[in-house]
Every structure is written in C-alpha cells, then in structure tokens.
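Residue 328 in numbering that gives the first Met the number 0 sits at position 329 of the sequence shown, with consecutive numbering throughout. In what follows, a single structure is set out as structure tokens and then discussed.
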Amino acid sequence: MIGTGYVGLVTGACLADFGHVVTCVDKDPAKIEALLAGQMPIYEPGLEDLVNRNARERRLSFTTELAPAVREADVVFLAVGTPSRRGDGHADLSYVYGAAREIAAAAEGFTVIVTKSTVPVGTGDEVERIIREASPHADIAVASNPEFLREGAAIEDFKRPDRIVIGTEDPRAKAVMTEVYRPLYLNQGPLMFTARRTSELIKYAANAFLATKITFINEIADLCEKAGANVQEVARGIGLDKRIGSKFLHAGPGYGGSCFPKDTLALMRTGQDYGVPLRVVEAVVGVNDARKSAMARKVIAALDGNVYGKTVALLGLTFKPNTDDMRESPSIPLVYSLLDKGAKIRAYDPEGMTEAKKVLGDIEYRASAYDCLDGADVGVIVTEWDEFRALDLDRVKAALTRPVIVDLRNIYRPEDMAERGFRYESIGRSGVPEAGA
Ligand SMILES: NC(=O)c1ccc[n+]([C@@H]2O[C@H](COP(=O)([O-])OP(=O)(O)OC[C@H]3O[C@@H](n4cnc5c(N)ncnc54)[C@H](O)[C@@H]3O)[C@@H](O)[C@H]2O)c1
Numbered sequence: 000m001i002g003t004g005y006v007g008l009v010t011g012a013c014l015a016d017f018g019h020v021v022t023c024v025d026k027d028p029a030k031i032e033a034l035l036a037g038q039m040p041i042y043e044p045g046l047e048d049l050v051n052r053n054a055r056e057r058r059l060s061f062t063t064e065l066a067p068a069v070r071e072a073d074v075v076f077l078a079v080g081t082p083s084r085r086g087d088g089h090a091d092l093s094y095v096y097g098a099a100r101e102i103a104a105a106a107e108g109f110t111v112i113v114t115k116s117t118v119p120v121g122t123g124d125e126v127e128r129i130i131r132e133a134s135p136h137a138d139i140a141v142a143s144n145p146e147f148l149r150e151g152a153a154i155e156d157f158k159r160p161d162r163i164v165i166g167t168e169d170p171r172a173k174a175v176m177t178e179v180y181r182p183l184y185l186n187q188g189p190l191m192f193t194a195r196r197t198s199e200l201i202k203y204a205a206n207a208f209l210a211t212k213i214t215f216i217n218e219i220a221d222l223c224e225k226a227g228a229n230v231q232e233v234a235r236g237i238g239l240d241k242r243i244g245s246k247f248l249h250a251g252p253g254y255g256g257s258c259f260p261k262d263t264l265a266l267m268r269t270g271q272d273y274g275v276p277l278r279v280v281e282a283v284v285g286v287n288d289a290r291k292s293a294m295a296r297k298v299i300a301a302l303d304g305n306v307y308g309k310t311v312a313l314l315g316l317t318f319k320p321n322t323d324d325m326r327e328s329p330s331i332p333l334v335y336s337l338l339d340k341g342a343k344i345r346a347y348d349p350e351g352m353t354e355a356k357k358v359l360g361d362i363e364y365r366a367s368a369y370d371c372l373d374g375a376d377v378g379v380i381v382t383e384w385d386e387f388r389a390l391d392l393d394r395v396k397a398a399l400t401r402p403v404i405v406d407l408r409n410i411y412r413p414e415d416m417a418e419r420g421f422r423y424e425s426i427g428r429s430g431v432p433e434a435g436a
C-alpha cells in the first residue's frame, strides 16, 4: 500500500483483516514512526483497534522503504494524495507519477499496480506508460480501483461496500483482484469489472452527483427561507421517492472535505479539456463556493448586522463529524470572514482542534462546548457532532450573554428553541414568507 493516509491506512488494515499480508508504505517518517508505536496519525472510529490487532498478528506492517515492499508484492495499491493543483484546479498527479516511477524500479514478477487514489480519466494509461518506459521488461498490469469510503465510517464502508469497481481488461489482473476482494465478494459485495477509463470516471461521476444533490437541496433551502417553507420536510418529501433517495439531502453550510471540492473541480476541468463543459458540475462548484462564504452573513445577521468586538463561539470545526479532517471545511471561510468583520472567535471541536490549529488564524480554543459558549454573544453549530445534539439548553442559555444560536446543521427544532427563549437561526426553516413573490 503506497501512501498511508486515510485511504491507504484504512484499506491496508481492512485487507490485512481479510487475511492478506499488507505492508503500508509512506514517505512521511513521522506517520510511520507513530504507527510503529501503535498510534494513529488520523482519527477514525475503530481504526486503532483494527490496525494494532493486525499488526500484532503480523499481517500488517509499516515502513518508509518502498522498494523492498514492492519487490515482494503481488499487488501494489497507489493510495497517495491527488490534491487540487494550484492555479487551475486540475488534479495534481505528481505523487501518483512519482510513486509509479519508484514502483517501476522495484517490481519483480507479475505485479498488479492498482490506482486507488482518485485520478482523472486516462491517468492509468500514463502510469502504465511511465512504468513500461522505466522498466521495459516489467511484467505488470495497471488497474483502477477507486475508493468510495466515507471518513467517519471508513471501516464499515470498506467492509460493506455498495460495490467494488475494478477497471482492467487484463485477465491475470482480474484474477488477482478477485482474490484480493474474495472475502467481500463472498459477503455479496458486488464486484464490477469495467475498462480502466470507465472505472476512473465512475469515481468522479459518483462524487459529482453526490455534491450536486447536496448543492441542490442547499439552494432549495435558500428558497424555503424566503418562501416560508421547511427544507427538512421538502427533503423528506422528495427523498421518500425511491428514484431520488433520502441520502445527501441535508441542507447545510455547503460541502467540504478532502474529496468533493477537489473532485468536482477536477471533473469540471476534465470536461473543459475534452471540449465537453459539464455545466451542471460547474454550477455546483460555483454555488457551493459562494454558499460557504455566505455563512458568515447568517451569523452577522443573527447579531443584528454587527459582529465587531463580539464573541462568536463555534461548536465544531471539522468538515463533518467523526473525523479530524479540516480540509476545505466550511468552518475555514466562516472563521476568516468573521475575523475580517472584527469578531472574536473561539471554538471547540471534539477531535479536530489539533488539525484546526494548523489552518485557522488567531482564534481561541476551548475544552468543551459549555466552556466555549461561556460569555459568548452567539453560539454557532458548525459541525453536527453527536455531543452537540443533546446540549443542556438551559445551561447553554445561561452561558451565553444573549440567547442566540445559529445552527448551520439543523440539529434542533425551531419550535423548541423558540419556546426556550432562544433567537434561533437555522438553514431553510425560517417559516416566514417574504411578501411580493
Ligand atoms: N479521504 C477520503 O475520504 C477519500 C475517499 C475516497 C478516495 N480518496 C482518494 O484517495 C487518495 C488518498 O487520499 P487520502 O485522504 O488518503 O490522502 P492523505 O493525504 O491522507 O494520504 C496520502 C499519503 O500518501 C503519502 N505519499 C505521497 N507520495 C508518496 C510516495 N511516493 N510514497 C509513499 N507515500 C507517499 C503521503 O505522505 C500521505 O501520507 C486521494 O486521491 C483521494 O482523493 C480519499
């Protein structure tokens, strides 16, 4: 497993748990040292137990040395990062190609090289070209096997996938990949073989579609606010239709995370490169960016238009619960916009504060939700961690200097909050129709 980040570590640990012998390789010595000491470099529920158990049972090991691990391997997974390239939004493939060159020099015997990283259509062709050029006699097949796991539920998703997509037309590679996934296959996890380019595109199309669903309901939420309707009920009303489905219809502050923002952008660029502009995806990218920046306005409005010198308490910073991942989190533009307007920001996140400190400016961190709210002018629910779902509202009210809550995740009921004397602003549920339309 080349790259021991979220995907590489989870995949490596799960494959080891199936009984395979897995070596996780990473360039980052700190990550490998931590793992060798039994410490997880990321927060993911259930991961520590799974990793340490498989390491103890000698199916899972960690190293910074790529060559010896690749030499012994029948299958080499590429799970390195593919971030947005600065400037143009294309996927930055330098880590993928760099690893391919290293693999070319080390592979021995028939080796299947599997791209698990999310890569634009055609990348497998280039990986294969790089390896064949560097090592003309290497006996290799290059396959695509995109990953669909969600952070926060990664192990469950890996072990009980809706489908496993494998892009290869090489019969030997198909046989090896069938063997790798046999335990899931026996559990009825549908294995789908396609051509490599199709497989690469499936991943982007899936992410773009999910991002579209979120963005769609977010725009409907804005309309609900103006038209006096309730977006949660609209979402339920459409989601019960099986053709639509109820998932990914929760209105909120806009999607973030390590995947959707960069993958929608990369797909948009790919469409433009092929002369097939993907207008829907382009709109989704634009609408979502604007939405994230607009969230600060909601907070400012809840404080009657002025946050200068006011203390804003943020509950949650990560892009979603059950992860410490801060990449592209909606909290980032929110914090910066509020700081620009002169607010004082303090925050509490159950798992994300170490990561948050690396990306956010000069803000104060508190040790608990109540501590964070204590003496603040407004409380803002940014991430729907379970511990924010059942706050003692009397205590919250007593802690705040004024009872104002802005809930960007709709985890409380407006009627309950009103009854308890809060000024409560949420997403798409204002219920007061604007005149004139
Ligand atoms: N995070 C997710 O939820 C998720 C889900 C599905 C797909 N993906 C895709 O999987 C890929 C990896 O994502 P991630 O979130 O795990 O990234 P990550 O940044 O957490 O991890 C990537 C790791 O690769 C290492 N690396 C880079 N080049 C290397 C090399 N030559 N040799 C050894 N190690 C090297 C880095 O040090 C880093 O630890 C991306 O393409 C991403 O789009 C991510």
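Heads up, the beta-carbon is just placed ideally off N, CA and C, and yes, glycines get one too.
Check                                                                                                            : Outcome
Reference R100, options T110, V113, R84 and I129, closest by Cα                                                  : I129
Residue range of the unbroken alpha helix (DSSP H) whose run includes D348                                       : Careful: D348 lies outside any alpha helix (DSSP H) and carries neither H nor E.
Under 8 Å between C-beta atoms of A234 and I213                                                                  : no
Cβ pair count under 8 Å reaching 3, the stretch 140 to 148 against the stretch 191 to 211                        : yes
For T193, three-class secondary structure by DSSP                                                                : strand
8 Å Cβ cutoff met for I165 and V141                                                                              : no
Residues near K297 in its chain [Cβ-Cβ closer than 7 Å; skip 5 each side]                                        : V405 and E424
Close-in-space but distant-in-sequence residues of the same chain around E354 (CB under 6 Å, 5 per side omitted) : D323 and M325
Reference R159; option with closest CA among P82, C13 and N287                                                   : C13
Contact between the stretch 238 to 246 and the stretch 90 to 100 (3+ Cβ pairs under 8 Å)                         : no
Where the beta strand (DSSP E) containing K423 begins and where it ends                                          : Residue identity check: residue 423 is Tyr in the sequence provided, not Lys. Looking at the DSSP string, the run of the beta strand (DSSP E) that includes Y423 is R422 to E424.
Secondary structure, beta strand (DSSP E): runs of 3+ residues fully inside the stretch 122 to 170               : 139 to 143 and 163 to 166
Helix, strand or coil at T62 according to DSSP, with G and I counted as helix                                    : strand
Same chain, Cβ closer than 6 Å to L316, neighbours up to 5 away in sequence not counted                          : S330, A346, D348, G351 and A355
Distance cut-off 7 Å: D161 Cβ against heavy atoms of ligand 1                                                    : no
Inter-residue spacing [alpha-carbon to alpha-carbon] between G255 and A342                                       : 23 Å
Boundaries of the alpha helix (DSSP H) in which V233 is found, first to last residue                             : V230 to G238
Cβ distance (whole Å) where A105 is taken to contact R131 below 8 Å                                              : Not a contact, Cβ separation roughly 15 Å.
Residues near A33 in its chain [Cβ-Cβ closer than 6 Å; skip 5 each side]                                         : P40
L510 and V280 closer than 8 Å at C-beta                                                                          : The question about residue 510 has no answer here: the residues shown for the chain are numbered 0 through 436.
Exposed unless 16 or more other CB atoms sit within 10 angstroms - verdict on S198                               : buried
From Y5, G45 and V50, residue whose alpha carbon lies closest to that of V21                                     : V50
Spatial distance of R55 from A207 (CA atoms)                                                                     : 39 Å
L360 versus T122, D169 and Y335, residue with shortest Cα-Cα distance                                            : Per the sequence shown, residue 360 should be read as Gly rather than Leu. Of the listed residues, the one whose Cα sits closest to G360 is Y335.
DSSP state of Y307 mapped onto helix, strand, coil                                                               : coil
Neighbour-count burial assignment, G2, 16 or more Cβ in a 10 Å radius                                            : buried
Whether P28 touches T62 by CB criterion (8 Å)                                                                    : no
Contact test: Y5 Cβ vs ligand 1 heavy atom, cutoff 7 Å                                                           : yes
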